[in-house]
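Be aware that the sequence shown starts at -12, since it is given in this note's numbering, and climbs by one per residue. Each remark here refers to the structure printed beneath this line.
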Amino acid sequence: MAKNLIIYYSRKGENYWNGSIKSIAKGNTERIAEFVQKAVGGDLFEVDTVKPYSASYMTCIDEAKKELREDARPEIKAYPNNIGDYDTIFVGYPNWWGTLPMCMFTLLEKLDLKGKTVIPFCTNEGSGMGSSERDLKKLCVGATVKNGLSVHGAEAENSESKVSAWAKKSI
């Protein structure tokens, strides 16, 4: 049986939520990652940056835009161990400025994903997958990148059945 790894970056605290700012205790992408794990099994790995993004949502999105414009690679605290042990890698992230947060570029460029199946999922407030699937195909050299799942962030908490069905169908 294939072994799954669910890698994700998620933002807790202030988030954009149906047109306003709301503070959430658990990030939307983290919720989806947990639903994927519950549906298909596997190990969770949360990406964490060395320099935290601002607690203010508005400042955070400015930081994220600056990183994207500069093609930055923010340092992350850790990388998954034994990537070779996994066949399928679910990759979760919020859609920031049309793609993955730049810390996910940092991570994925360092991993040898040749021969792996990469399955993306993202949370957003209306921008869908943006260009993230195309960007993942460039980042995940030698991997098969499947079509991803986009979940409206404000609906993440109540999306378990949708996520479960998608995850089971994807592997």
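Just so it is clear, CB atoms sit at the ideal spot from N, CA and C, and this is done for glycine as well. From a predicted model like this one, the values you see are computed outputs, not experimental measurements.
Query: Taking the alpha-carbon of K9 as reference, which of A26, A42, V27, E17 has the nearest alpha-carbon?; Result: A42
Query: I'd like to confirm the pairing. Which residues does DSSP put opposite I(-6) in its beta bridges?; Result: F32, V78
Query: If you drop the 5 nearest sequence neighbours on each side, which residues of the same chain put their C-beta closer than 7 Å to that of E147?; Result: F22
Query: How about K155 and V34: do their beta carbons lie closer than 8 Å?; Result: no
Query: Quickly, what does DSSP pair E54 with across the bridge? List them, please.; Result: Partner(s): none; E54 has no beta bridge.
Query: Under 7 Å Cβ to Cβ from W84, same chain only, skipping five residues before and after it: list those, please.; Result: A51, K52, L55
Query: Return the chain-ordered list of same chain residues with a C-beta closer than 7 Å to the C-beta of G117, the five sequence neighbours on each side being excluded.; Result: N82, G85, T86
Query: Where V159 and P39 are concerned, what is the direct C-alpha to C-alpha distance, given to the nearest angstrom?; Result: The structure shown has nothing for residue 159, since the chain only spans -12 to 158.
Query: Near Y44, what residues of its chain come up, given a Cβ to Cβ distance below 7 Å and the 5 sequence neighbours on each side ignored?; Result: E1, N2, Y3, I8
Query: If you drop the 5 nearest sequence neighbours on each side, which residues of the same chain put their C-beta closer than 6 Å to that of L136?; Result: F108, W153
Query: Let's see if you can read the secondary structure: which residues bound the alpha helix (DSSP H) around C109?; Result: From DSSP, C109 is part of no alpha helix (DSSP H) but of the beta strand (DSSP E) over 104 to 111.
Query: Please classify I11: does DSSP put it in a helix, a strand, or coil?; Result: strand
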